[in-house]
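Numbering (the numbering used here), first residue to last: 1 to 98.
Even for Gly, the Cβ is constructed at its ideal location relative to N, Cα and C.
Here is the structure we will look at.
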């Protein structure tokens, strides 16, 4: 996480960013795929430490990748499911073609 590295650099320069500000910066910098994660975080009463947030972001990223793989697999397996299985409907009517 780039922001946590920036926070460390600021601390080395004796320019302290509060942990709350660091958490906020990390949350607003997350891509749109993390929108559900952000809503979930904002709905809970407790706040995480910087390390906890990074850990949760890593877990969420893994979950998002797994969901993407599973949906791609599902799309590829259901795509060819009915291939070559066309059936003619026979209504019992006699063939009247010349």
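Asked                                                                                                                                       : Found
Taking DSSP as the reference, what is the three-state secondary structure of residue 21?                                                    : helix
With a threshold of 16 other CB atoms inside 10 Å of the CB of residue 22, please say whether the residue is buried or exposed.             : buried
Could you give the residue range of the alpha helix (DSSP H) that holds residue 37?                                                         : 35-43
In its own chain, which residues sit with a C-beta less than 6 Å from the C-beta of residue 7, not counting the 5 before and 5 after it?    : 17, 22
Taking the beta carbon of residue 53 as the centre, do at least 16 other beta carbons fall within 10 Å, making it buried, or is it exposed? : buried
Given this structure, state the Cα-to-Cα distance separating residue 100 from residue 40, to the nearest angstrom.                          : Absent from the structure is residue 100, since the part of the chain shown begins at 1 and ends at 98.
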